[in-house]
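The opening residue of the sequence shown carries number 149 in this note's numbering; numbering runs sequentially from there. Quick reminder that beta carbons are idealized off the backbone N, C-alpha and C, glycines included. Below is one structure, written out as structure tokens, with a few remarks after it.
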Amino acid sequence: MSSPSDRPLRIAFAASDRPEAQEARDRLIARYGSTPENEADVIVALGGDGFMLETLHTVMERRTPVFGMNRGSVGFLMNDYEEEGLLERLADAGRAVIHPLQMDAWTETGQVHSGLAINEVSLLRQTRQSAKLRISVDDRVRLEELSCDGCLVATAAGSTAYNLSAHGPIIPLDSRVLALTPISAFRPRRWRGALLPHQAKVCFEILEADKRPVSATADNFEVRRVVKVDVRERRDIALTMLFDAGRSFEERVLAEQFAS
């Protein structure tokens with residue numbers, strides 16, 4: 149990536165609270181200097197995938213590109229950690245543009261709570277009893293009753309996270325589809341979810357909400373005892389992740405599908 153008017157690239161370094169991430173930030177700042185996040189051309193995030201999501205949420209308004217380096221435990225969204233040649237890596241980095249999901253959740257008291265999700269919006273039962281959900285897509289009921297532990301809508305960027313653990317499909321970033329994936333479906337037992345056009349609006353109605361309470365989560369923002377949840381893509385918000393040349397997000401998604 150290049151900086152405006154070819155001036156030196158202004159880099160901000162952000163780190164998770166893990167000691168190895170904090171130490172890495174100190175070493176990188178000593179080597180490359182640092183710019184306040186609100187003035188930076190790029191943010192280098194040091195941590196794991198969770199911290200990458202946290203960083204992307206912090207730049208939601210500024211839309212600053214984020215280059216992650218793995219100082220955490222997972223690192224699917226991160227590049228390898230190397231102190232050498234960072235400026236060259238940033239100059240050659242490829243871009244992956246992602247769009248978050250908007251969650252609007254109504255509680256039993258009539259309040260509406262909204263949040264944005266980069267990975268997924270998930271609904272989960274709150275008690276030992278299964279959740280019962282009615283699912284509509286673009287105002288048409290597609291599943292009258294799903295008895296389950298929960299259900300989620302995942303973006304392409306989030307398809308390798310919770311969605312994959314729930315046996316949902318891995319989605320290429322440029323496919324312009326969303327994954328609708330049940331979590332431990334009990335009835336209908338054979339339903340494995342659906343792929344939806346990215347512009348689809350998904351509505352979950354919680355059946356027997358007083359007896360079978362359900363929570364809704366947009367990434368790390370949770371609303372409990374919901375009665376209705378709407379989910380749609382926010383195409384007007386574009387977030388940019390940077391990846392090393394030759395290790396694009398698309399290549400990682402493809403490789404993940406052949407992982408043993």
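_Per the DSSP calculation, residue 280 is bridged to which residue(s)?_
According to DSSP, residue 280 bridges with 295, 355.
*When DSSP labels each residue in this structure, what does residue 332 get in the three-state scheme?*
Of the three classes helix, strand and coil, the one that applies to residue 332 here is coil, per DSSP.
*Beta-bridge pairing of residue 242 - partner residues as DSSP gives them*: The beta-bridge partner set that DSSP reports for residue 242 consists of 391.
*If we call anything under 8 Å between Cβ atoms a contact, is residue 246 one with residue 303?*
Annotated as proximal: residue 246 and residue 303, with beta-carbon spacing under 8 Å.
*Among the residues of its own chain, which have a CB less than 7 Å from the CB of residue 224, if the five just before and after it don't count?*
Taking C-beta separations shorter than 7 Å and ignoring five residues to either side along the sequence, the partners of residue 224 in its chain run 197, 308, 400, following chain order.
*asked:* Rounded to the nearest angstrom, what separates residue 280 and residue 368 at their Cα positions?
replied: Their backbone Cα atoms lie some 23 Å apart in a straight line.
*asked:* At the level of alpha carbons, what is the spacing between residue 132 and residue 178?
replied: The question about residue 132 has no answer here: the residues shown for the chain are numbered 149 through 408.
*Put residue 361 into one of helix, strand or coil per three-state DSSP.*
Three-state DSSP puts residue 361 in coil, outside helix and strand.
*Would you identify the three-state DSSP class for residue 170, choosing helix, strand or coil?*
Looking at residue 170 - three-state DSSP - the assignment turns out to be helix.
*Contacting residues, own chain, Cβ-Cβ under 7 Å from residue 241 (five flanking each side not counted)*: Closer than 7 Å at Cβ, skipping near neighbours: 149, 215, 390, 391, 392, 393.
*So what does DSSP say about residue 205, is it helix, strand or coil?*
In this structure, residue 205 counts as helix in the three-state DSSP scheme.
*So what does DSSP say about residue 195, is it helix, strand or coil?*
Under the three-state reduction of DSSP output, residue 195 falls in the strand class.
*Between residue 296 and residue 334, is the Cβ-Cβ spacing less than 8 Å?*
Cβ atoms of residue 296 and residue 334: closer than 8 Å.
_Would residue 220 and residue 195 qualify as a contact pair, given that the criterion is a beta-carbon distance under 8 Å?_
For the 8 Å CB-CB criterion, residue 220 and residue 195 form a contact.
*Please state whether DSSP places residue 179 in a helix, a strand or coil.*
In the three-state scheme derived from DSSP, where H, G and I count as helix and E and B as strand, residue 179 is classed as helix.
_Between which residues of its own chain and residue 157 is the CB-CB distance below 7 Å, once the five residues before and five after are set aside?_
Contacts found: 151, 189, 190, 235, 238.
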